[in-house]
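Undergrad:
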């Protein structure tokens, strides 16, 4: 019997410098491994795709609002959006220097409601199972775009401005 594909996507701004994004990738892998027997019993075949968001246009097209994001069949597994300052991504975009406010990435909450910069495997397992059995109509209503979309645009605008500032010369002198 063939298994039904279960589309899981990890979207992130930076997978090499940002420890939060890299750690979430590792935790997601551990969660998928832990859920392997459950998926087998349900006749599901998880298919993981990683998407490195490299521009504001790509972020808009993907409906990407907060880094990192894990989606199950196109739905954010953590529709309650929490964020906290991310020094790694802030260093990449220079938001603190450009705008005076540090860049914030997704944060998670454990079963006791404590905030976590990086979720535990148990938090991701729980979120995946909740998303798997969620009422999709209610989930879709909860995931409508919110102010976080501006956060991603801010990342790219500040990064581009910082890169321009740090280039060998001002754009006006090279034209």
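In our numbering, the protein residues as written are 424 to 598. Using N, Cα and C, we set each Cβ at its ideal position, and we do this for glycine too. All values derive from a computational prediction rather than experimental measurement.
Exposed or buried, what is residue 556 when buried is set at 16 or more other beta-carbons lying within 10 Å of its beta-carbon?
TA: exposed
Undergrad: Between 536, 550 and 461, which lies nearest to residue 499 when the distance is taken from Cα to Cα?
TA: The residue with the shortest Cα to Cα distance from residue 499 is 550.
Undergrad: Just to confirm the assignment, what range does the beta strand (DSSP E) spanning residue 503 have?
TA: Neither: residue 503 is in no beta strand (DSSP E) and is coded neither H nor E.
Undergrad: Near residue 546, which residues of its chain fall below 6 Å by C-beta distance, leaving aside the five closest residues on each side in sequence?
TA: 531 and 533
Undergrad: Can you round the beta-carbon distance between residue 585 and residue 517 to whole angstroms, since I take them to be within the 8 Å contact cut?
TA: 3 Å
Undergrad: Within the continuous alpha helix (DSSP H) that includes residue 481, where are the two ends?
TA: 479-485
Undergrad: If we call anything under 8 Å between Cβ atoms a contact, is residue 471 one with residue 434?
TA: no
Undergrad: Kindly indicate the opening and closing residues of the alpha helix (DSSP H) around residue 512.
TA: Here the alpha helix (DSSP H) through residue 512 covers 510-516.
Undergrad: Who are the Cβ neighbours of residue 457 in its own chain at under 8 Å, not counting the five residues just before and after it?
TA: 544 and 548
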